[in-house]
Amino acid sequence: MLRYIIKRILLLIPVLIGVTLITFTLLYITPGDPARALLGPSANTEQVEQLREEMGLNDPYIVRYGNFLSNLVLHQDMGRSYRAKQPVFSVIMSAFPATLKLAALAVAIAVVIGIPLGIISAVKQYSVFDNVALILGLIGISMPVFWLGMLLILQFAARLHWFPSAGFSTFKHMVLPSIALSAQSIAVIMRMTRSSMLEVIRQDYIRTARAKGQTEAKVIIHHALRNALMPIITTVGLQFGALLGGAVLTEAVFSIPGVGRLMVDSIKMKDFPVVQGGVLFIAVAFSLVNLVVDLLYASVNPKIRSQYR
Numbered sequence: 001m002l003r004y005i006i007k008r009i010l011l012l013i014p015v016l017i018g019v020t021l022i023t024f025t026l027l028y029i030t031p032g033d034p035a036r037a038l039l040g041p042s043a044n045t046e047q048v049e050q051l052r053e054e055m056g057l058n059d060p061y062i063v064r065y066g067n068f069l070s071n072l073v074l075h076q077d078m079g080r081s082y083r084a085k086q087p088v089f090s091v092i093m094s095a096f097p098a099t100l101k102l103a104a105l106a107v108a109i110a111v112v113i114g115i116p117l118g119i120i121s122a123v124k125q126y127s128v129f130d131n132v133a134l135i136l137g138l139i140g141i142s143m144p145v146f147w148l149g150m151l152l153i154l155q156f157a158a159r160l161h162w163f164p165s166a167g168f169s170t171f172k173h174m175v176l177p178s179i180a181l182s183a184q185s186i187a188v189i190m191r192m193t194r195s196s197m198l199e200v201i202r203q204d205y206i207r208t209a210r211a212k213g214q215t216e217a218k219v220i221i222h223h224a225l226r227n228a229l230m231p232i233i234t235t236v237g238l239q240f241g242a243l244l245g246g247a248v249l250t251e252a253v254f255s256i257p258g259v260g261r262l263m264v265d266s267i268k269m270k271d272f273p274v275v276q277g278g279v280l281f282i283a284v285a286f287s288l289v290n291l292v293v294d295l296l297y298a299s300v301n302p303k304i305r306s307q308y309r
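Note that this note's numbering has the sequence shown beginning at 1, numbered continuously upward.
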């Protein structure tokens with residue numbers, strides 16, 4: 001198991017190098033001048049050129065990327081934010097807790113609602129409940145997050161005054177953005193659970209368990225669901241990783257000071273070190289989530305656990 005974890009971490013290195021190369025290249029060719037954005041339109045050309053020289057923006061592409069990569073590898077330094085004048089890692093970590101709480105709560109809601117809906121839909125295939133669940137799942141996948149967020153704000157914040165419309169300091173602030181962010185994940189997890197359960201409940205060992213007189217609940221939970229968990233775990237893990245980096249619209253609608261909103265503001269202000277560091281941080285988080293999912297496979301499936309030994 002330990003060898004497998006070390007191998008996965010080593011394989012992560014070329015992936016992260018590729019992420020840094022692509023991100024740095026895209027930001028390099030992006031129109032706009034960070035020095036001009038920092039000084040404002042009233043600054044003269046001499047002031048802009050002096051700041052560009054101080055920031056190293058006049059260096060060639062290879063030199064700038066080499067400096068960024070060497071600082072990252074040798075000193076674990078992502079650079080300093082142009083706007084905040086602080087280390088990029090500190091800026092990201094100040095915003096990451098809000099994104100982590102939002103993504104974790106959204107995934108928890110999706111799992112609690114999506115998996116039971118998928119199980120019931122599979123057991124009652126082609127019933128009214130199954131048809132309604134499939135329609136709601138299709139709506140959930142198709143509905144834009146920002147539109148659902150604005151609807152929730154209008155109904156539950158502006159009209160009913162049940163929840164606040166912005167911020168992320170108390171549990172009440174977390175409810176509406178978590179529901180808005182979890183809608184698509186609920187639909188995806190529900191559909192995957194239904195599909196996986198339909199494959200399992202038709203197997204011979206399920207009929208054998210029923211023939212032995214076991215209760216339907218035990219057959220579904222202990223026999224069918226446990227053998228259908230593999231693709232469900234994969235889906236939940238991918239959804240959590242995607243929500244860590246894909247909560248930009250939700251954070252913008254509900255004014256949540258998370259990583260997504262930080263990166264959007266940094267793009268507007270041409271704060272390229274924060275954008276590069278944010279993309280790299282999200283890539284690492286997503287890869288670690290995938291590693292945790294692979295390790296969870298071993299706890300669910302004995303065949304995979306035997307391969308790690």
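We treat Cβ as the ideally placed atom computed from N, Cα and C, and that holds for glycine.
| task | Assign Thr208 to one of two classes, buried (16 or more other C-beta atoms within 10 Å of its C-beta) or exposed (fewer than that). | result | Under a 10 Å Cβ-count criterion, Thr208 is classified as exposed, with fewer than 16 other Cβ atoms of the shown protein chains found around its own Cβ.
| message | As an exercise, report each continuous alpha helix (DSSP H) stretch of at least 4 residues that is fully enclosed by the stretch 7–51, in chain order. | response | 34–39, all fully within the stretch 7–51.
| Supposed close pair Ala157, Ser169 - CB separation, criterion 8 Å | Not confirmed; about 15 Å, so no contact.
| said: Quick test of the definition: if touching needs 3 or more C-beta pairs under 8 Å, does the stretch 240–251 touch the stretch 31–44? | reply: Too few Cβ pairs lie closer than 8 Å, so no.
| task | Report the residue from Pro144, Pro177, Leu57 whose alpha carbon sits nearest the alpha carbon of Leu100. | result | Ranked by Cα distance from Leu100, the first of Pro144, Pro177, Leu57 is Pro177.
| said: Here's the rule: buried if 16 or more other CB atoms are within 10 angstroms of the residue's CB, otherwise exposed. What is Ala211? | reply: Ala211 should be labelled exposed.
| message | Quick test of the definition: if touching needs 3 or more C-beta pairs under 8 Å, does the stretch 14–27 touch the stretch 282–293? | response | Below 8 Å, enough C-beta pairs join the stretch 14–27 and the stretch 282–293 to call them touching: three or more.
| message | Tell me which residues share the same chain as Leu198 and place their Cβ nearer than 8 Å to its Cβ, disregarding the 5 neighbours each side in the sequence. | response | Around Leu198: Ala122, Gln125.
| field | Selected residue, minimal CA-CA separation from Arg64, among Gly278, Pro273, Lys218 | value | Closest option to Arg64, judged by alpha-carbon separation, among Gly278, Pro273, Lys218: Pro273.
| So, is Thr193 buried or exposed, given that buried needs 16 or more other C-beta atoms within 10 angstroms? | Label assigned to Thr193: buried.
| field | Backbone CA spacing between Pro97 and Pro257 [nearest angstrom] | value | Rounded to whole angstroms, the gap between the alpha carbons of Pro97 and Pro257 is 9 Å.
| said: Helix, strand or coil for Pro231? Go by DSSP, reduced to three states. | reply: Pro231: helix per DSSP, three-state reduction.
| message | Checking 8 Å against the spacing of the C-beta atoms, do Ala133 and Met190 come in under that value? | response | Against a cut-off of 8 Å, the Cβ pair of Met190 and Ala133 comes out as a contact.
| Are the beta-carbon atoms belonging to Val292 and Gly237 less than 8 Å from one another? | At the C-beta level, Val292 and Gly237 come within 8 Å of one another.
| Sheet register partners of Pro87 (DSSP bridge) | DSSP lists Arg80 as partners of Pro87.
| message | Going by DSSP in three states, His222 sits in which element: helix, strand or coil? | response | Helix.
| field | Integer Cβ distance of Ile153 from Gln184, believed to fall under 8 Å | value | About 18 Å; that fails the 8 Å criterion.
| request: Let me know the beta strand (DSSP E) ranges lying completely inside the stretch 230–289, each 3 residues or longer, listed in chain order. | output: DSSP runs (the beta strand (DSSP E)) wholly in the stretch 230–289: none.
| task | Would you please state the rounded distance, in angstroms, between the beta carbons of Ala95 and Leu262? I believe it to be under 8 Å. | result | Going by Cβ atoms, the distance from Ala95 to Leu262 rounds to 4 Å, so yes, they are a contact pair.
| said: Just checking: is the beta-carbon of Gly140 within a distance shorter than 8 Å of some beta-carbon in chain D? | reply: Looking for chain D here will not work: only one protein chain is present.
| If you draw a straight line from the alpha carbon of Phe24 to that of Tyr61, how long is it in whole angstroms? | Cα-Cα distance, rounded: 9 Å.
| request: Write down every uninterrupted run of the alpha helix (DSSP H) in the stretch 137–224 whose length is 4 residues or greater and which is fully enclosed by it, in chain order. | output: Listed in chain order, the complete alpha helix (DSSP H) runs (minimum 4 residues) inside the stretch 137–224 are 145–152, 171–200, 204–211.
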